Every structure is written in structure tokens, then in C-alpha cells.
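Residue numbers (the working numbering): 487 to 899. By construction, the Cβ of each residue, glycine as well, lies at the ideal position given by its N, Cα and C atoms. Just so it is clear, the structure is predicted and the values come from calculations on it, not from any experiment. Everything below concerns the one structure shown next.
This is the structure we're talking about:
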């Protein structure tokens, strides 16, 4: 495979040594990062044989708590293009089951060979799949834009059952032995039996929907699950004002445990050490999982990505193009990295590195202790998907529907 063109670039980032509300800003120059441009000569993959039975599973955001922390290794010092494939839904985040990389498409769910990008199978759906599928007991669960939740055989994509909701499903399900949990933009959050698809319970979120005026309410983001507690945020499409909340429900009964009003659209939740973290319009907030009481509040710009939580540090993207790392113990900003484009890509962590994409079309690999860019991969198209870290590689999609697999130069070349 031809090498990608490598150019030196100086990355300037801000180290903000202050507690919340203080002012001193020190700008320092980071060592030269490596910019990697996509390989124009890369060939589309050809169909390959079926993979072996699943050996590893890497789900959306790394775990059901959605902390964004992965146990798998990922490229550290450098990265090259392993393969690229077309046909994904813009912003669709991939997951890994065995050697299958699974990603949504405008008309279904596609399984690619994780090492070659070769097409393994494709399951047709009635509408676009824009969220990551969930996996449990050899079954995949995914929703589409026409409100259908699908259960598919993980090795073939064969349909097992479907469940119809009244609105688009943008939520990636959370699944365990007790249920399949997901939201719809019909105003409800659902729990289904994972084997039969039978409705166990549904919960209606607060707010007013007016389809004639183009106003809908529901759940757009992905739920987090810790123990028996489900946490998710409500959303509204259309309309000038919204009655929005963070909700915590008992996963067995669907009973509401607590709610926290936000009054604006917020990010998907992440749970760590008994605290739920969400970002919104000018705030980043921590809520106690047991009762929803605020235990952390950080004023900032518009938080535009779900956070990653690692070693008592929250890492999250801002609409102004900065990726922030903030101490959850002191509220101190450890660093603020200017990525040069809005950040909707939820950051993913492996070891001491964090990976995320930008609206300017770049995927960044940042050293967490220093806040320095180690390498950058440029695609030329907006990246809103959350990177998947697995098998020593980074997998992600861009807004032109391309799926990328990057690996360390020594591993892939």
C-alpha cells in the first residue's frame, strides 16, 4: 500500500493553569505533530469470506456507562491508512463484533471485514441507520429513521424480529440480559425483551409535541447503563423553547428514579464513579447517579460532544473548536486544544491517548497528560462519528459516507 503524504505542522494549544473563574492563560508550542492525508490511491474493498465466530466485542463509547474509555490498543506515535470503504451514513459510529466492523448505511446495516474493509453482508432496513448497533448474545440491535428497531443475527444479518415506534430512532440501544433499551423521537423511551422483541415498558418524556408545526419530542441520544439504572436525556426537534431533562429510570420496572431539568439540548451522558456527566449550552455538569443531585458544575462554551471520563478527568468538545480536559476533583482546566473546527465527535480514550474528529475533517490523536497533538489524519470531510478503538486500529466515518481504518505504520505497512 502506498504511503500517505506526511507534512510537518506546528500545533499551538493553550494550557490554562487556573481554577474555574480564574484568568491567566499561557500559550505554549507543542512538538511537531504529523499530518496524514487520506490516500487517493486507496482501492475500494472487494467482498471477502465470512469471519470466524466473535472473539472480541467493542461497543459504542467502549462500555455501557459510555465513558469513552476502551481497553483495546490504538495507534500512538503515528498512523497510516489500512483501508477505506464507502457507503456509510454520515456520523454513523462503527462497532466491532469478532472480525466484523458494523456500521450504519442509508438503507441498512453493513458488516465489513475489520482487516481488509471487504464486504461481508448487508442487512436492509426501511430507513437510514445513523446510530451504532448494539450487541448481545449473537444478536445485533439497531434502529432506523422510520422508527423500526431491528434484531439481527450477528453473523449473517438475518432479521429475527422488529419493533415499530412512532418516530425516528437516532439512539444507539443499551442491551443486557434484561432488555433492549433505546429512545425514539415519538416521545418515548422503550424497553424490549431482547429475545422476542416484546414490549416490557415504555416511558414518556416531558414536553409538548406538535407534528403539524414540525415540533417533536423524544430521545435522540444514546442511554448509559450502570447497574440497574438507565440514564438518558430528552430532546426536542423544532420550536423555540423546550422542556428538557436528564432522566434516570429503573431498568426492570421503567420507574422514574429522578429527573434533572436542563432547558436546553444536551449531550449524551457518561457515567463514572457514581456520577452522571452531561454537557450543554455553557455548562458541563455532574449529577449523582443515586439521586440526581448536582455535584459538579463547570461553566464553559457550548459543549458539543459527549464526554470521555478517565482518571478523574473529563474530556469534551466545544462548538468553538476546542477540546477541553478538566479535572473533576478541582474544576481546573488542564488543557484546551484548538482543533480548528467544531467538535461533534465524542472523544475516545485508549491508554494515555484521546482520539476525536472535527468539522474541518481532521482526526486528532492527542496525548492526554500534555494536551499535545501526536498525529493528525485529514480526510477533507466533516467527522462527527465517535472513533472506535480496537485491534490496534482507529475506525471512524466521515460525512461523505467513507469508513476509515487507521493503524500504526509498523503494524499496517
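Uninterrupted alpha helix (DSSP H) stretches inside the segment 804-887 (no shorter than 4 residues): none
My output table needs one value for residue 723: the three-state DSSP class, helix, strand or coil. The count along the chain shown starts at 1 and reaches residue 723 at position 237. Residue 723: strand per DSSP, three-state reduction.
What would DSSP say about residue 780, mapped onto helix, strand or coil? Here residue 780 is taken as the residue at index 294 of the chain shown, counted from 1. Note: residue 780 maps to strand in three-state DSSP.
Whole beta strand (DSSP E) runs in the segment 646-726 with 3 or more residues, listed along the chain? 660-662, 665-669, 674-678, 685-690, 702-704, 710-712, 715-719 and 721-723
Segment contact flag, the segment 712-725 with the segment 736-743, C-beta cutoff 8 Å, min 3 pairs: yes
Please report the distance separating the alpha-carbon of residue 757 from that of residue 775. Working through the chain shown from its first residue, we reach residue 757 at position 271. Working through the chain shown from its first residue, we reach residue 775 at position 289. Going from the Cα of residue 757 to the Cα of residue 775 covers about 8 Å.
Given a cut-off of 7 Å on the beta-carbon distance, is the pair residue 902 and residue 678 in contact? The first residue shown for the chain is 487 and the last is 899, placing residue 902 beyond what the model contains.
Expressed to the nearest angstrom, what Euclidean distance is found between the alpha-carbon atoms of residue 497 and residue 872? Within the chain shown, numbered from 1, the residue matching residue 497 stands at position 11. Within the chain shown, numbered from 1, the residue matching residue 872 stands at position 386. For residue 497, the predicted structure reports a pLDDT of 36, less than 50, and the residue's modelled location is therefore unreliable. The matter cannot be settled from this model.
Opposite residue 622 in the DSSP bridges: which residues? Translated into positions along the chain shown, residue 622 becomes position 136. Answer is 625.
Could you give the C-beta distance for residue 683 and residue 691, rounded to a whole number, given that I count them as a contact under 8 Å? Taking the chain shown and counting its residues from 1, one reaches residue 683 at position 197. Taking the chain shown and counting its residues from 1, one reaches residue 691 at position 205. About 22 Å separates the two Cβ atoms, so there is no contact after all.
Which partner residues does residue 753 have in the DSSP bridge list? The residue you call residue 753 lines up with position 267 of the chain shown. According to DSSP, which records beta bridges pairwise, residue 753 is partnered with nothing at all.
By a C-beta neighbour count over all protein chains shown, 10 Å radius and 16 as the cutoff for buried, is residue 779 buried or exposed? In the chain shown, residue 779 corresponds to position 293, counting from 1. Exposed, since its Cβ has fewer than 16 Cβ neighbours within 10 Å.
Considering Cα atoms alone, identify which of 797, 798 and 828 is closest to residue 809. Start at 1 with the first residue of the chain shown, and residue 809 comes out as number 323. Minimum Cα distance to residue 809 is reached at 828.
Cα-Cα, which of 744, 629, 571 and 656 is closest to residue 650? As a first step, residue 650 is located in the chain shown; it is residue number 164 there, counting from the start. Looking at the Cα atoms, 629 is the closest of the given residues.
Out of 806, 724, 750 and 733, point me to the one whose CA is closest to residue 742's CA. Residue mapping note: residue 742 aligns to position 256 of the chain shown, counting from 1. The shortest C-alpha separation from residue 742 is found at 733.
Minimum C-alpha distance to residue 585 - residue among 881, 888 and 594: Stepping through the chain shown from its first residue, residue 585 is reached at position 99. When each option's Cα is compared against that of residue 585, the closest is 881.
Can you check whether the CB of residue 594 is closer than 7 Å to the CB of residue 610? What you label residue 610 is simply residue 124 of the chain shown in a count that begins at 1. What you label residue 594 is simply residue 108 of the chain shown in a count that begins at 1. Yes, the Cβ-Cβ distance between residue 610 and residue 594 is below 7 Å.
Suppose contacts are defined by Cβ-Cβ distances below 7 Å. Is residue 834 in contact with residue 869 by that definition? Position 348 of the chain shown, counted from the first residue, corresponds to residue 834. Position 383 of the chain shown, counted from the first residue, corresponds to residue 869. It is not a contact, given that the beta carbons lie outside the stated cut-off.
Rounded C-alpha distance that separates residue 613 from residue 817: Numbered from its first residue, the chain shown carries residue 613 at position 127. Numbered from its first residue, the chain shown carries residue 817 at position 331. Cα to Cα, the separation comes out at about 43 Å.
Residue range of the unbroken beta strand (DSSP E) whose run includes residue 546: Working through the chain shown from its first residue, we reach residue 546 at position 60. Unbroken run through residue 546: none, as it is neither H nor E.
Taking three-plus beta-carbon pairs below 8 Å as touching, is the segment 668-675 in contact with the segment 559-566? no
DSSP has residue 765 in a bridge; who is on the other side? Position 279 of the chain shown holds residue 765. 770.
Taking C-alpha atoms, which residue in 821, 814 and 718 lies nearest to residue 689? Start at 1 with the first residue of the chain shown, and residue 689 comes out as number 203. Taking only the C-alpha atoms, the option nearest residue 689 is 718.
Quick one: is residue 590 buried, meaning 16 or more other Cβ sit within 10 Å of its Cβ, or exposed? By 1-based counting over the chain shown, the position of residue 590 is 104. Under this definition residue 590 is a buried residue.
Alpha-carbon spacing of residue 840 relative to residue 801, whole angstroms: As a working note, residue 840 is residue 354 in the chain shown. As a working note, residue 801 is residue 315 in the chain shown. Rounded to the nearest angstrom, the two C-alpha atoms are 9 Å apart.
Element boundaries [beta strand (DSSP E), containing residue 889]: Against the chain shown, residue 889 aligns to sequence position 403. Looking at the DSSP string, the run of the beta strand (DSSP E) that includes residue 889 is 889-893.
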